[in-house]
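There are 2 protein chains.
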Amino acid sequence: MTNLVRRLPHPADFPAPPTAADRVRWTAADTAARPERLARLRAKMAAEGIDAYFGVRPEHMRYLTGFTLDDGEDRVAGHSGRFLISADQVVVLADSRYRLQAAAQAPGARIENTTYDLAAIWPELLRGLGARRVAVEAAHVSHQLWGELAAATPDVELVPAAGWVESFRAVKEPAEIERIRAACGVADRALATLLRHIKPGKTEHDLALALEWEMRTGGGDGLAFGIACLAGPNAALPHGSPSAREVHLGQVLLFDFGAMVDGYRSDMTRTLFMGEPSERDLAIYETVLEAQAASLAMLSAALRGEAAVPSGKAADAAARAVIESAGHGDHFGHGTGHGIGLATHELPSLSRAATDDPLPSPTVFSVEPGIYLDGETGVRIEDLVLFDTSRKDLEILTSFPRDPVVIGV
Amino acid sequence: MTNLVRRLPHPADFPAPPTAADRVRWTAADTAARPERLARLRAKMAAEGIDAYFGVRPEHMRYLTGFTLDDGEDRVAGHSGRFLISADQVVVLADSRYRLQAAAQAPGARIENTTYDLAAIWPELLRGLGARRVAVEAAHVSHQLWGELAAATPDVELVPAAGWVESFRAVKEPAEIERIRAACGVADRALATLLRHIKPGKTEHDLALALEWEMRTGGGDGLAFGIACLAGPNAALPHGSPSAREVHLGQVLLFDFGAMVDGYRSDMTRTLFMGEPSERDLAIYETVLEAQAASLAMLSAALRGEAAVPSGKAADAAARAVIESAGHGDHFGHGTGHGIGLATHELPSLSRAATDDPLPSPTVFSVEPGIYLDGETGVRIEDLVLFDTSRKDLEILTSFPRDPVVIGV
Numbered sequence: 308m309t310n311l312v313r314r315l316p317h318p319a320d321f322p323a324p325p326t327a328a329d330r331v332r333w334t335a336a337d338t339a340a341r342p343e344r345l346a347r348l349r350a351k352m353a354a355e356g357i358d359a360y361f362g363v364r365p366e367h368m369r370y371l372t373g374f375t376l377d378d379g380e381d382r383v384a385g386h387s388g389r390f391l392i393s394a395d396q397v398v399v400l401a402d403s404r405y406r407l408q409a410a411a412q413a414p415g416a417r418i419e420n421t422t423y424d425l426a427a428i429w430p431e432l433l434r435g436l437g438a439r440r441v442a443v444e445a446a447h448v449s450h451q452l453w454g455e456l457a458a459a460t461p462d463v464e465l466v467p468a469a470g471w472v473e474s475f476r477a478v479k480e481p482a483e484i485e486r487i488r489a490a491c492g493v494a495d496r497a498l499a500t501l502l503r504h505i506k507p508g509k510t511e512h513d514l515a516l517a518l519e520w521e522m523r524t525g526g527g528d529g530l531a532f533g534i535a536c537l538a539g540p541n542a543a544l545p546h547g548s549p550s551a552r553e554v555h556l557g558q559v560l561l562f563d564f565g566a567m568v569d570g571y572r573s574d575m576t577r578t579l580f581m582g583e584p585s586e587r588d589l590a591i592y593e594t595v596l597e598a599q600a601a602s603l604a605m606l607s608a609a610l611r612g613e614a615a616v617p618s619g620k621a622a623d624a625a626a627r628a629v630i631e632s633a634g635h636g637d638h639f640g641h642g643t644g645h646g647i648g649l650a651t652h653e654l655p656s657l658s659r660a661a662t663d664d665p666l667p668s669p670t671v672f673s674v675e676p677g678i679y680l681d682g683e684t685g686v687r688i689e690d691l692v693l694f695d696t697s698r699k700d701l702e703i704l705t706s707f708p709r710d711p712v713v714i715g716v
Numbered sequence: 308m309t310n311l312v313r314r315l316p317h318p319a320d321f322p323a324p325p326t327a328a329d330r331v332r333w334t335a336a337d338t339a340a341r342p343e344r345l346a347r348l349r350a351k352m353a354a355e356g357i358d359a360y361f362g363v364r365p366e367h368m369r370y371l372t373g374f375t376l377d378d379g380e381d382r383v384a385g386h387s388g389r390f391l392i393s394a395d396q397v398v399v400l401a402d403s404r405y406r407l408q409a410a411a412q413a414p415g416a417r418i419e420n421t422t423y424d425l426a427a428i429w430p431e432l433l434r435g436l437g438a439r440r441v442a443v444e445a446a447h448v449s450h451q452l453w454g455e456l457a458a459a460t461p462d463v464e465l466v467p468a469a470g471w472v473e474s475f476r477a478v479k480e481p482a483e484i485e486r487i488r489a490a491c492g493v494a495d496r497a498l499a500t501l502l503r504h505i506k507p508g509k510t511e512h513d514l515a516l517a518l519e520w521e522m523r524t525g526g527g528d529g530l531a532f533g534i535a536c537l538a539g540p541n542a543a544l545p546h547g548s549p550s551a552r553e554v555h556l557g558q559v560l561l562f563d564f565g566a567m568v569d570g571y572r573s574d575m576t577r578t579l580f581m582g583e584p585s586e587r588d589l590a591i592y593e594t595v596l597e598a599q600a601a602s603l604a605m606l607s608a609a610l611r612g613e614a615a616v617p618s619g620k621a622a623d624a625a626a627r628a629v630i631e632s633a634g635h636g637d638h639f640g641h642g643t644g645h646g647i648g649l650a651t652h653e654l655p656s657l658s659r660a661a662t663d664d665p666l667p668s669p670t671v672f673s674v675e676p677g678i679y680l681d682g683e684t685g686v687r688i689e690d691l692v693l694f695d696t697s698r699k700d701l702e703i704l705t706s707f708p709r710d711p712v713v714i715g716v
């Protein structure tokens with residue numbers, strides 16, 4: 308039987324926000340790491356007989372070149388920020404709006420002017436790189452653009468490249484882990500601050516906005532993603548948005564949220580109890596907690612050397628088995644976890660569809676089983692963990708208590 | 308000579324925030340308009356010999372089906388929200404996370420379960436619709452997905468569809484215009500509220516956060532896009548992000564920002580003067596204001612029946628000519644304007660690359676010339692206008708004064 312937590316966690320229980328010195332150190336660490344990141348890509352290019360890599364994902368642009376677009380900015384940036392990497396050059400495209408910023412953030416790159424018509428300059432760009440076989444991020448380049456580029460350079464072979472940089476990014480550098488850890492701390496503290504203000508009659512929307520404010524004024528540069536704050540039956544919507552619904556005693560209150568610190572994201576879900584939990588809700592909570600513990604135990608055992616490094620599929624199955632034996636297999640539709648870093652969802656995946664390969668290391672991912680009863684209630688418990696085979700145990704980066712917390716009374 | 312505005316505008320000068328009744332009316336208007344929106348698409352499909360339309364843009368999903376993902380949610384939604392429209396059916400894809408939400412928001416649609424492997428269910432989906440020629444949003448479907456879908460149904464022809472729904476959405480319904488107007492009011496009031504708190508020593512970041520807070524607690528459901536707050540030389544970065552730079556007397560302070568109301572967006576730029584403007588900054592300001600006035604005058608003349616409806620290219624050229632004759636042609640790299648609605652940037656475009664077709668009507672777009680001197684200063688003035696040939700004059704939806712406003716003293 309799980310203990311109900313009635314003494315609320317306090318903001319001071321969690322690490323302090325990042326300092327200006329931390330940020331200077333992280334920027335320097337990225338600059339220092341970029342040659343190695345590029346070398347890894349160039350080795351892959353050489354192995355595949357590729358002369359140039361055409362990248363379009365904003366996360367890859369930042370990771371490999373330094374040029375950084377804010378969330379959502381890529382929607383209006385046109386081709387700005389897209390980049391080409393050859394054996395000896397890095398080219399970043401930027402129209403007049405972004406030229407100065409790109410030059411400042413990507414000093415190792417040549418900044419090339421672009422317009423909305425990338426195909427018009429494509430032949431010249433490739434000629435400048437001497438590129439005849441070009442790898443393209445085919446999962447992120449539109450079919451239309453691919454066609455335009457292919458038509459513009461009929462003598463060049465475009466080769467779909469899927470998951471190259473994604474697989475590099477799954478393995479985290481120390482300064483990347485520091486930023487995810489800092490983002491987890493920002494989120495932990497924000498929820499602890501909010502707890503005392505959660506009272507019956509507040510709306511999901513009000514609470515989500517207040518939680519956002521705490522993160523953004525408490526060391527976060529932004530949100531990792533839109534906050535889910537879901538009360539009672541709404542908690543059965545695993546990705547619902549906060550509504551004008553009021554929270555009431557006797558209901559669950561689910562927060563799924565994360566902070567962003569210097570581009571790196573956290574992700575945590577807590578399902579709190581407004582007043583005394585119902586028997587049904589508490590039973591589900593305990594099953595979900597047990598499911599999460601099963602997955603965490605498997606990961607810990609591998610780090611302690613008591614078992615082989617599991618695959619994402621095995622780590623998912625460990626949690627899923629607990630939920631299935633409780634009779635809730637049909638009420639847990641999503642995967643058990645996902646990698647996180649510059650993107651909220653990245654490799655590795657912990658799911659039924661994941662590969663049988665052992666998990667990479669060091670890497671950071673979520674462990675987040677849930678049970679959802681349509682129209683009734685829902686419970687999810689999500690933490691981020693650092694899985695690092697050079698260390699003796701799993702580090703859980705999100706520190707907010709996982710035992711059921713009673714609030715609002 | 309432009310008058311300096313020294314008596315600051317007051318929040319009460321601008322319209323009140325939208326009410327709950329407004330929101331109920333808008334939702335009803337969307338529901339009522341959806342059959343006509345679908346009929347327009349189906350007429351286009353029939354004309355092109357298309358059996359089904361496969362859409363992936365979140366704006367199109369909302370416009371045609373009702374299912375609405377929050378900003379950024381599409382990054383983690385997988386195929387959820389993608390949709391198929393045939394002559395007599397609407398199918399919305401949703402995995403377990405979104406199924407209940409999709410059913411509630413798109414009652415006219417059949418909700419089909421999906422996983423990350425869309426190609427696996429694609430043949431069955433198309434068979435259910437009897438579709439042999441399928442239009443696909445080729446500018447938004449990845450090259451990889453296109454290839455997977457094509458391979459899954461070799462007997463089906465995939466036809467690239469570019470700009471179909473975009474061109475429908477350029478023409479705005481009354482309830483769409485109401486929401487953009489409401490979003491403009493939220494933004495106007497927020498800036499007027501902030502003005503009194505702008506003092507030397509505040510940072511760009513602090514001011515951007517305060518402005519965001521005013522919009523989000525003053526009737527906005529969110530931001531239209533990340534706020535640009537740029538002081539002094541930073542204003543030469545037309546799409547820069549707010550930094551830790553402090554604002555000082557004698558500098559310009561540029562805000563480019565917008566609110567979102569029920570999914571519809573506003574967009575406005577004001578370049579304010581911290582204390583007395585320098586001669587250089589004021590001269591640039593006056594040129595930009597004159598450029599904007601030239602474009603607005605051309606649009607007004609068309610509505611008053613004194614001239615033909617101009618193209619987006621002509622409306623751009625009118626503003627650009629003023630800036631060029633002032634010798635700043637090289638310092639105005641971007642287009643003069645863009646349509647706005649469910650997306651921040653949509654049709655019509657006011658730019659050198661725009662078509663020679665007359666502007667659509669009724670439509671809403673920005674008029675936003677600018678002059679940027681690298682490393683020195685920048686000025687942009689941006690308003691949204693309603694261009695409606697059934698009315699006798701242009702309506703400027705953003706009401707904040709366009710004359711130069713002096714603050715911080």
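As they're listed, the protein sequences go chains L and G.
With the working numbering, you'll find the first sequence wraps up at 716, consecutive numbering, no jumps.
With the working numbering, you'll find the second sequence wraps up at 716, consecutive numbering, no jumps.
Backbone N, C-alpha and C define an ideal beta-carbon position, used for all residues, glycine too.
Delimiting residues of the alpha helix (DSSP H) encompassing residue i
i: H367 of chain L; result: 365-372
i: T338 of chain G; result: 327-355
i: T500 of chain L; result: 481-502
i: L666 of chain L; result: Unbroken run through L666 of chain L: none, as it is neither H nor E.
i: I428 of chain L; result: 425-436
For residue j and residue i, the rounded distance between their alpha carbons
i: V363 of chain G; j: V448 of chain G; result: 7 Å
i: P325 of chain G; j: E553 of chain L; result: 20 Å
i: G582 of chain G; j: L391 of chain L; result: 44 Å
i: A416 of chain L; j: P342 of chain L; result: 12 Å
i: T643 of chain G; j: L432 of chain L; result: 28 Å
i: A410 of chain G; j: L400 of chain G; result: 10 Å
i: R314 of chain G; j: L560 of chain L; result: 47 Å
i: P322 of chain L; j: R496 of chain L; result: 8 Å
i: L718 of chain L; j: A517 of chain G; result: Lying before the first or after the last residue shown, residue 718 of chain L is absent from chain L, which here runs from 308 to 716.
i: G570 of chain L; j: A609 of chain G; result: 47 Å
i: A459 of chain L; j: T524 of chain L; result: 48 Å
i: D329 of chain G; j: R488 of chain G; result: 12 Å
i: G385 of chain G; j: A445 of chain L; result: 16 Å
i: L311 of chain G; j: E519 of chain G; result: 26 Å
i: D623 of chain L; j: L657 of chain L; result: 5 Å
Exposure of residue i, with buried meaning 16 or more beta-carbon neighbours within 10 Å
i: A359 of chain L; result: buried
i: R476 of chain L; result: buried
i: Y405 of chain G; result: buried
i: G612 of chain G; result: exposed
i: A566 of chain L; result: buried
i: D663 of chain G; result: exposed
i: K506 of chain G; result: exposed
i: S548 of chain L; result: buried
i: R587 of chain L; result: exposed
i: Y370 of chain L; result: buried
i: D710 of chain L; result: exposed
Beta-carbon proximity of residue i to residue j, cut-off 7 Å
i: T421 of chain G; j: D395 of chain G; result: no
i: T651 of chain G; j: V383 of chain L; result: yes
i: E593 of chain G; j: V629 of chain G; result: no
i: E464 of chain L; j: R486 of chain L; result: no
i: A442 of chain L; j: V466 of chain L; result: yes
i: M605 of chain G; j: A633 of chain G; result: no
Cβ-heavy atom distance, residue i to the ligand FMN, below 6 Å
i: V398 of chain L; result: For the structure depicted, the ligand FMN is absent and the ligand set is empty, with no information on it obtainable.
Residue range of the beta strand (DSSP E) that includes residue i
i: P467 of chain L; result: 464-467
i: Y592 of chain G; result: Here Y592 of chain G belongs to no beta strand (DSSP E); instead the alpha helix (DSSP H) covers 586-610.
i: S656 of chain L; result: 653-657
i: S393 of chain L; result: 390-393
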